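**Student:** Protein chains in written order, with our numbering: chain B, 1 to 83; chain G, 1 to 83.
Just so it is clear, CB atoms sit at the ideal spot from N, CA and C, and this is done for glycine as well.
For clarity, every value in this text was computed on a predicted model and none was experimentally measured.
Here you go, one structure.
Protein chains: 2
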Amino acid sequence: MALFGLFSGKKKTSAAAAKERLQILISHERQNRNGPDFLPDLQRDILAVVKKYVAVRDDHVSIRLDRAGDASVLELNVTLPEN
Amino acid sequence: MALFGLFSGKKKTSAAAAKERLQILISHERQNRNGPDFLPDLQRDILAVVKKYVAVRDDHVSIRLDRAGDASVLELNVTLPEN
């Protein structure tokens with residue numbers, strides 16, 4: 001799966017592991033590269049949905065969009081507030 | 001990132017690669033395993049959001065929920081209709 005190869009170099013530090021976090025990865029593999037790319041809009045909507053369930057501060061969200069060949073990968077990392 | 005280790009054994013066949021597809025992975029790392037798990041509800045809402053952008057047939061969606069330690073990982077695989 002293309003999704004995994006892109007991020008396989010990442011490691012989680014033990015300090016970071018102690019935090020409560022939510023990570024959302026969306027991979028869209030297209031047959032036609034010139035077709036519509038709805039990932040940026042989808043990202044906005046998904047973040048709105050996540051906020052129904054947990055209090056998310058906008059400055060605790062990091063978003064990355066990568067394109068590789070016919071695949072677009074959107075990564076949202078959210079650090080959740082401690083209770 | 002726990003997300004990647006869980007699925008690293010998967011390989012995409014070249015036949016499958018020709019399809020247009022959307023994959024959504026949600027990883028929730030919790031400090032307290034007994035806290036609320038909102039992933040099943042979040043999954044339903046995200047699928048509803050995805051349907052705003054693409055025609056998704058329910059029988060073209062596969063959903064898997066894994067729990068490993070303090071992390072829950074939800075995987076949605078959607079095969080999109082060919083245009």
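Would Val78/G and Val49/B be called neighbours here (beta carbons separated by less than 7 angstroms)?
**Tutor:** Not closer than 7 angstroms, so no.
**Student:** Check whether the Cβ of Ala71/G lies closer than 7 angstroms to any Cβ atom in chain B.
**Tutor:** For Ala71/G, the answer is no, since every Cβ of chain B falls outside 7 angstroms of its Cβ.
**Student:** Quick one, which residues of the segment 49-67 of chain G are near chain B if we go by CB-CB under 8 angstroms, in chain order?
**Tutor:** The residues in question are Val49, Val50, Lys52, Tyr53 and Val54.
**Student:** Straight-line CA distance for Asn61/B to Leu76/B?
**Tutor:** The sequence given here has Val at residue 61/B, not Asn. So the two alpha carbons sit approximately 7 angstroms from each other.
**Student:** Anyone know if the C-beta pair for Glu29/B and Leu80/B falls short of 7 angstroms?
**Tutor:** Not in contact: Glu29/B and Leu80/B (Cβ atoms no closer than 7 angstroms).
**Student:** Just to confirm my understanding: we take Ala55/G, look at its own chain, exclude 5 residues before and 5 after, and list those with CB closer than 6 angstroms. What are they?
**Tutor:** The residues are Pro81.
**Student:** How is Leu42/B classed by DSSP in three states: helix, strand or coil?
**Tutor:** Three-state DSSP puts Leu42/B in a helix.
**Student:** Report the residues of the segment 23-38 of chain B with a CB closer than 9 angstroms to any CB of chain G, ordered along the chain.
**Tutor:** Those residues of the segment 23-38 of chain B that come within reach of chain G (Cβ to Cβ, closer than 9 angstroms) are Gln23, Ile24, Leu25, Ile26, Ser27, His28, Glu29, Arg30, Gln31, Asn32, Gly35, Pro36 and Phe38.
**Student:** Who pairs with Asp66/B in a beta bridge, going by DSSP?
**Tutor:** Asp66/B pairs with Val73/B.
**Student:** Does chain B have any CB closer than 7 angstroms to the CB of Arg44/G?
**Tutor:** No, no contact with chain B.
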